[in-house]
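Participant:
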Amino acid sequence: MRMYWFFFMNFGEITTMPLFLRQDILNNGQMAVWHITESAEELLNLLPESLQEEGLRTPIKNEQLFKQRLASRFLIAHLLPQTSILLGKQGDKRTHLLSPNLQLSISHAGDYAAVIISSVPVGIDIEVIHPRIQKIASRFMHSTEWEYLQHAEDFKTLMFIWSVKEAVFKMANISGLDFQTQILCKPFNLKNEGKIEVELHTLVDERLLQLTYKIWGDMILVFV
71 MRMYWFFFMN FGEITTMPLF LRQDILNNGQ MAVWHITESA EELLNLLPES
121 LQEEGLRTPI KNEQLFKQRL ASRFLIAHLL PQTSILLGKQ GDKRTHLLSP
171 NLQLSISHAG DYAAVIISSV PVGIDIEVIH PRIQKIASRF MHSTEWEYLQ
221 HAEDFKTLMF IWSVKEAVFK MANISGLDFQ TQILCKPFNL KNEGKIEVEL
271 HTLVDERLLQ LTYKIWGDMI LVFV
C-alpha cells in the first residue's frame, strides 16, 4: 500500500541557484548537484510560504539533514521550472513526483544534495568518502569484484563500488535486491570522472547498465 504526503512549491520568484553541477542526460533527463552553504533558516526563508509551512510542520531535528532536504526541493524546482510541483512519498519512504511521465531520484551527503529526473527510471547516489566502508565491504562485494581488485583495501574504491550499487538499486526499485550477488561491477580503472558498466541480475531479466560518475575532494557522485 502506498502512503502519500503532498505539498505544492511555487518558485516563480527564485531566479538564481548556487549550483555545483548540472548535466543533461538521455531520455530528456536532467541531473543537478547543489553545494549547501546556507543555514537552515536561510534556506527556509527562500522557500515559498506553502513549503515553509510544510517544512515547519514536519521538522527534522538534525540541522544538516534538514538543509539537505530543503536543498533537494530547490533542485527539483530548478530542473522543473514550473509554478507548482506535486511530490509524494511511497511506503518505502522515497520521495517521488506524482506524474506518470517523470521519474525522480534524490541523494544527499555532507554539504551536497543531488537530484536526477527523467522520463525513464533513474538512480543517483552521492557519498562522502570514509574508511568506515571497509567494515561492511563483505556485505556488498562479490568474489569476482574482489578478484579483479586483487583484494584491494582502498576505502575510496570500496566507497565507489557501494555508491554505484546504491544508484542501481534506486533505479531498479526492486525490494530485496541483493547488492552482493545481483549488482555486479565490471572491471574498471577509477578516474576523477568517467563511466562504469554494471550487471543487474533480477528474477525477470539480466541487464548491462552504464553509469556515469564524478569524484572530487572527498565526494563521489554516481548516476544512471
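Residues in the sequence shown are numbered consecutively from 71, following this note's numbering.
The beta carbon of each residue, even a glycine, is placed where N, CA and C say it ideally should be.
Evaluate contact between the segment 214-221 and the segment 136-148, counting only Cβ atoms and requiring at least three cross-stretch pairs below 8 Å.
Facilitator: Taking 8 Å as the limit for Cβ pairs, the verdict is that the segment 136-148 does not touch the segment 214-221.
Participant: For a test of the three-state rule: what should DSSP assign to residue 217, helix, strand or coil?
Facilitator: If you number the sequence shown from 1, residue 217 lands on position 147. Residue state, collapsed to three classes: helix.
Participant: What is the DSSP secondary structure of residue 292, reduced to helix, strand or coil?
Facilitator: Along the sequence shown, read from residue 1 onward, the residue named residue 292 stands at position 222. Correct three-state label for residue 292: strand.
Participant: When you compare only the Cα positions, how much space is there between residue 243 and residue 114?
Facilitator: In the sequence shown, residue 243 corresponds to position 173, counting from 1. In the sequence shown, residue 114 corresponds to position 44, counting from 1. Distance between the alpha carbons of residue 243 and residue 114 is about 31 Å.
Participant: According to DSSP, what are the bridge partners of residue 94?
Facilitator: On the sequence shown, position 24 is the one that residue 94 refers to. DSSP output for residue 94 lists 100 as bridge partner(s).
Participant: Tell me the start and end of each unbroken beta strand (DSSP E) in the segment 135-208 that is at least 3 residues and wholly inside, in chain order.
Facilitator: The qualifying runs are 157-159, 165-167, 173-179, 182-188, 194-198.
Participant: Quick check: residue 173 and residue 191, are their CB atoms within less than 7 Å of each other?
Facilitator: By one-based count along the sequence shown, residue 173 stands at place 103. By one-based count along the sequence shown, residue 191 stands at place 121. Their beta carbons are under 7 Å apart, which means residue 173 touches residue 191 by this criterion.
Participant: Let me know if residue 288 comes out buried or exposed under the rule of 16 or more other beta-carbons within 10 Å of its beta-carbon.
Facilitator: Counted from its first residue, the sequence shown places residue 288 at position 218. Per the 10 Å Cβ criterion, exposed.
Participant: Under a Cβ-count criterion, where at least 16 other Cβ atoms within 10 Å of its own Cβ denotes burial, should residue 280 be classed as buried or exposed?
Facilitator: Position 210 of the sequence shown holds residue 280. Residue 280 should be labelled exposed.
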